[in-house]
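Asks:
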Amino acid sequence: ADPCHDQGGAPRSCVPGLVNAALGREVLASSTCGRPATRVCDASDPRRAHPAALLTSAGGTANPVCWRSESLRKAPLNVTLTVPLGKAFELVFVSLRFCSAPPASVALLKSQDHGRTWAPLGFFSSRCGPDYGRLPAPANGPAGPGPEALCFPEPQAQSDGGGLLAFSVQDGSPPGLDLDSSPVLQDWVTATDIRVVLTRPAMLEDTRDSEAMVPYSYSATELQVGGRCKCNGHASRCLLDTQGLLICDCRHGTEGPDCSRCKPFYCDRPWQRATAREAHACFACSCNGHARRCRFNMELYRLSGRRSGGVCLNCRHNTAGRHCHYCREGFYRDPGRALSDRRACRACDCHPVGAAGKTCNQTTGQCPCKDGVTGLTCNRCAPGFQQSRSPVAPCVKTP
Amino acid sequence: EVMPTLDMALFDWTDYEDLKPEV
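Going line by line, the protein sequences match chains A and B. If you're matching positions, the first sequence starts at 38 in the working numbering and goes up one per residue. If you're matching positions, the second sequence starts at 8 in the working numbering and goes up one per residue.
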């Protein structure tokens, strides 16, 4: 079964499965304990190290299992965890499990340009105003028409002393938006990198005097980024390319890491994201096998009723036209061969003396003959005429 | 009636040297 085509072979929208996009990815932590070694943390000893890799490893037999920051004694107390996902994903949720008391303030950010710029997805705090300059999230979600980074309550401590940060992209999105039809929602869920900023430790919430602060370290595990590899509805899976980079296994005549453009010869229609209703596949230009390149022309596309806008480039085999569908000047269509035949166009071969020019009728192959001359190539005198010695008037009336 | 093809050797190019096709 091909998820990207129906049983009849027609293209249909397809998407990769939901995965933990952070799994196995390298996490960049702004602070990790163990350098220099302390009583409880030694980066050089695997039995006592708490590296950031533990945040996105599959778990299993690793011991210890939690990443841990350095001991934070005074401001700034924020620690940043950054996970490059390798390519664009469409997020569904982000979660992080804390191994000790969860922070009182956490900011969740995303990048769509591999870490060059960042935008907030949400905030989690007991003090939204002082920490982030925001009002607490309304119960019904964003007030505006589009998605918005809201400030939610801080992660709650659980009975085991830890806690869970859980964020769903729906939390910041107004109800009723449909991913297929809403470019703002598509933008909202798209991310190439995720950043968690642990802004303020819980136990220091009420401490005003920095001298009185108890040393604190953040500790967490299981950083999960639930999402789908972003392929714009044109691939059902993502693969590693020859350079080890994650890319979509593009179908429907598309290409690029996210299937976000048409392949070079597939430009008969403009690229579009696939929807549940319409696959919006890129179609190959119709060049009858005589061209390898084409370009898209929006005006022709509109004039055709939005059906075809491809223009063939560099028609070969002596063909010409938008679809290489007729013969170029000096050639005519051989009716005995298919239009796609390499020899579909034959040279006019007009006689150098009998013909009045070198260009024949492109359909019939008839050359323009001088007076008294006949034949497809004007190579014979007509009945009632005979050859003369003059190349200007090669046939004269028989006396 | 099928007429013979034009015989290039019969043409006199004396006054039309510039029109003479390359063979």
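Each residue gets a CB set at the ideal place from its N, CA and C atoms; glycine is no exception.
(1) How many whole angstroms separate the CB atoms of A:Val221 and A:Pro184, which I take to be in contact at a CB cut-off of 8 Å?
(2) Who are the Cβ neighbours of A:Ala125 in its own chain at under 6 Å, not counting the five residues just before and after it?
(3) What does the Cβ neighbour count give for A:Ala38, buried or exposed, with the cut at 16 atoms within 10 Å?
(4) Can you pull the DSSP bridge partners for A:Pro121?
(5) Taking A:Val64 and A:Ala90 to be in contact with their CB atoms under 8 Å, please state how far apart those CB atoms are, rounded to whole angstroms.
(6) Could you check where the beta strand (DSSP E) with A:Pro184 kicks off and where it finishes?
(7) Keeping to the same chain, check which residues put their C-beta closer than 6 Å to that of A:Phe135; ignore five residues upstream and five downstream.
(8) Does any C-beta atom of chain B lie closer than 9 Å to the C-beta of A:Val433?
(9) Would you check if there are 3 or more beta carbon pairs closer than 8 Å linking the stretch 106-115 of chain A to the stretch 268-281 of chain A?
(10) Using a beta-carbon distance below 9 Å, is A:Ala381 in contact with chain B?
(11) Quick one: complete beta strand (DSSP E) runs, 3+ long, within the stretch 262-346 of chain A?
(12) Does any CB atom of chain B fall closer than 9 Å to the CB of A:Gln403?
(13) On the three-state DSSP scale, how would you describe B:Tyr23?
(14) Report buried or exposed for A:Glu107, applying the criterion of at least 16 other Cβ atoms within 10 angstroms of its Cβ.
(15) By Cβ distance, which residues of its chain are closer than 8 Å to A:Leu55, with the 5 residues on each side in sequence left out?
(16) At a CB-CB cut-off below 9 Å, which residues of chain B make contact with A:Pro436?
(17) Note down the Cα distance separating A:Pro431 from A:His360, rounded to an integer number of angstroms.
(18) By alpha-carbon positions, which one of A:Ala47, A:Gly181, A:Cys387 and A:Pro389 ends up nearest to A:Ser210?
(19) Under 7 Å Cβ to Cβ from A:Ala419, same chain only, skipping five residues before and after it: list those, please.
(20) Is the beta carbon of A:His388 sitting closer than 9 Å to the one on A:Thr356?
(21) Please state if the CB of A:Cys285 and the CB of A:Pro53 are separated by a distance shorter than 9 Å.
(22) Take A:Pro157 and list the residues in its own chain whose beta-carbon comes closer than 6 Å to its own, dropping the five residues that flank it on each side.
(23) Is A:Thr411 close to chain B? Criterion is C-beta to C-beta, closer than 9 Å.
(24) Compute the beta-carbon to beta-carbon distance between A:Lys300 and A:Thr291, rounded to the nearest angstrom, for a pair I have assumed lies under 8 Å.
Replies: On the basis of the supplied data:
(1) Start at 1 with the first residue of the first sequence, and residue 221 of chain A comes out as number 184. Start at 1 with the first residue of the first sequence, and residue 184 of chain A comes out as number 147. About 6 Å separates the CB atoms of A:Val221 and A:Pro184; that is less than 8 Å, so the two are in contact.
(2) Your numbering for residue 125 of chain A matches position 88 in the first sequence. The residues Thr227, Thr229, Lys267 and Asp295, in chain order, have a CB closer than 6 Å to that of A:Ala125 in the same chain once the five nearest residues on each side in sequence are set aside.
(3) Counted from its first residue, the first sequence places residue 38 of chain A at position 1. Burial call: exposed.
(4) The residue given as residue 121 of chain A occupies position 84 in the first sequence. Answer is A:Asp230.
(5) Position 27 of the first sequence, counted from the first residue, corresponds to residue 64 of chain A. Position 53 of the first sequence, counted from the first residue, corresponds to residue 90 of chain A. Indeed they touch by this definition, with Cβ atoms about 7 Å apart.
(6) If you number the first sequence from 1, residue 184 of chain A lands on position 147. Note, A:Pro184: premise wrong, no beta strand (DSSP E); not H, not E.
(7) Taking the first residue of the first sequence as 1, we reach residue 135 of chain A at position 98. Here A:Phe135 has Gly199, Gly200 and Ala257 as same chain residues with Cβ atoms under 6 Å from its own Cβ, once five neighbours each way along the sequence are excluded.
(8) Your numbering for residue 433 of chain A matches position 396 in the first sequence. Taking Cβ atoms only, chain B never reaches closer than 9 Å to A:Val433, which makes this a no.
(9) No contact exists between the stretch 106-115 of chain A and the stretch 268-281 of chain A.
(10) On the first sequence, residue 381 of chain A is found 344 positions in, with the first residue counted as 1. No, because no Cβ of chain B sits closer than 9 Å to the Cβ of A:Ala381.
(11) Entirely contained in the stretch 262-346 of chain A, the beta strand (DSSP E) runs reaching 3 residues are, in chain order, 275-277, 283-285 and 330-333.
(12) One-based indexing of the first sequence puts residue 403 of chain A at position 366. No, its Cβ sits nowhere closer than 9 Å to a Cβ of chain B.
(13) The count along the second sequence starts at 1 and reaches residue 23 of chain B at position 16. DSSP places B:Tyr23 in coil when its eight states are reduced to three.
(14) Here residue 107 of chain A refers to the residue found at position 70 of the first sequence. Under this definition A:Glu107 is a buried residue.
(15) Numbered from 1 along the first sequence, position 18 holds the residue referred to as residue 55 of chain A. If we look at A:Leu55 and ignore the five residues flanking it on each side, its Cβ neighbours are Val129, Gly263, Gly264 and Arg265.
(16) Residue mapping note: residue 436 of chain A aligns to position 399 of the first sequence, counting from 1. Chain B residues near A:Pro436: none, gap ~16 Å exceeds 9 Å.
(17) For the purposes of this step, residue 431 of chain A is taken as residue 394 along the first sequence, with counting starting at 1. For the purposes of this step, residue 360 of chain A is taken as residue 323 along the first sequence, with counting starting at 1. Cα to Cα, A:Pro431 sits roughly 40 Å from A:His360.
(18) For the purposes of this step, residue 210 of chain A is taken as the residue at position 173 of the first sequence. Checking every option, the nearest Cα to that of A:Ser210 belongs to A:Gly181.
(19) Locating residue 419 of chain A in the first sequence gives position 382, where the first residue counts as 1. Contacts found: Gly409, Val410, Thr411 and Cys432.
(20) The residue labelled residue 388 of chain A in the question sits at position 351 within the first sequence. The residue labelled residue 356 of chain A in the question sits at position 319 within the first sequence. Result no, Cβ atoms of A:His388 and A:Thr356 do not sit closer than 9 Å.
(21) Against the first sequence, residue 53 of chain A aligns to sequence position 16. Against the first sequence, residue 285 of chain A aligns to sequence position 248. In contact: A:Pro53 and A:Cys285 (Cβ atoms closer than 9 Å).
(22) Residue 157 of chain A sits at position 120 when you count from the first residue of the first sequence. Result list for A:Pro157: Leu146 and Ala186, in chain order.
(23) Walking along the first sequence from the start, residue 411 of chain A turns up at place 374. Answer yes: the Cβ-Cβ gap between A:Thr411 and chain B drops below 9 Å somewhere.
(24) Locating residue 300 of chain A in the first sequence gives position 263, counting from the first residue. Locating residue 291 of chain A in the first sequence gives position 254, counting from the first residue. Indeed, because the Cβ distance is near 7 Å, the residues count as touching under 8 Å.
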